[in-house]
Every structure is written in structure tokens, then in C-alpha cells.
Amino acid sequence: MDSFTSLFLWAYLALGSVATLYAVFYFFLSGLTIFDQGKKKNMPLRFKCSYVFVMFLMMPIFYLIFIEEILALSRYFKANKQSMA
2 MDSFTSLFLW
12 AYLALGSVAT
22 LYAVFYFFLS
32 GLTIFDQGKK
42 KNMPLRFKCS
52 YVFVMFLMMP
62 IFYLIFIEEI
72 LALSRYFKAN
82 KQSMA
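Next up, the structure:
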């Protein structure tokens, strides 16, 4: 039973790490955070650094709460790219 629990927690954190890398990648690529809902906002450098730091610390644990926003990042990016063209 202990082995199953540790395997489940390892898999949960591994998926959370992948989701975090995905969200941070889109942040560096487009400047969109998961909280912007597709609208890029101007942020000072200290807020950008704080966002990345908090994402790497907290998102692997709480990624299921924000899964819809994380998955919507690619749609927001494509929509912003089309509106710029």
C-alpha cells in the first residue's frame, strides 16, 4: 500500500511539473499568464520574476485547480497571433 501511495504521489508531481513547464514556456513565449485569460498585461520585471518563481514552487502541487487555464494557453496564444497578423 505504501508503494502505491508513493507511486501515485510521484506521478501526480511529475504531471504537475510538466504542466508547470508548459505554463512557464507559454509565459516566456507570449507573455500570457494563466490568470490573464488571454489578455496580455504589462508587468514590471519583479512581477514577472515572482510569477515564474511561484509557478515553479506551487504549480506542481496545485495544477489540477488551474488545468483549464493551463490548457487554454495555446488557444489564447493562437488567437493573439492571428489578431496581430
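This note's numbering applies: residue 2 is where the sequence shown begins, and numbers increase by one. Just so you know, even glycine gets a beta-carbon here, dropped at the ideal spot from N, CA and C.
Distance, residue j Cα to residue i Cα
i, j, result
"residue 58", "residue 50", "12 Å"
"residue 4", "residue 71", "30 Å"
"residue 54", "residue 48", "10 Å"
For residue i, three-class secondary structure by DSSP
i, result
"residue 32", "coil"
"residue 41", "coil"
"residue 58", "helix"
"residue 66", "coil"
Candidates the options: closest to residue i by CA position
i, options, result
"residue 56", "13, 83, 18", "18"
"residue 39", "83, 3, 22, 73", "73"
"residue 52", "69, 27, 76", "27"
Own chain partners of residue i with C-beta closer than 8 Å, once the 5 adjacent residues on each side are dropped
i, result
"residue 60", "17, 20, 21, 24, 67"
Sequence-distant residues of its chain with Cβ nearer than 7 Å to residue i (five each side left out)
i, result
"residue 7", "none"
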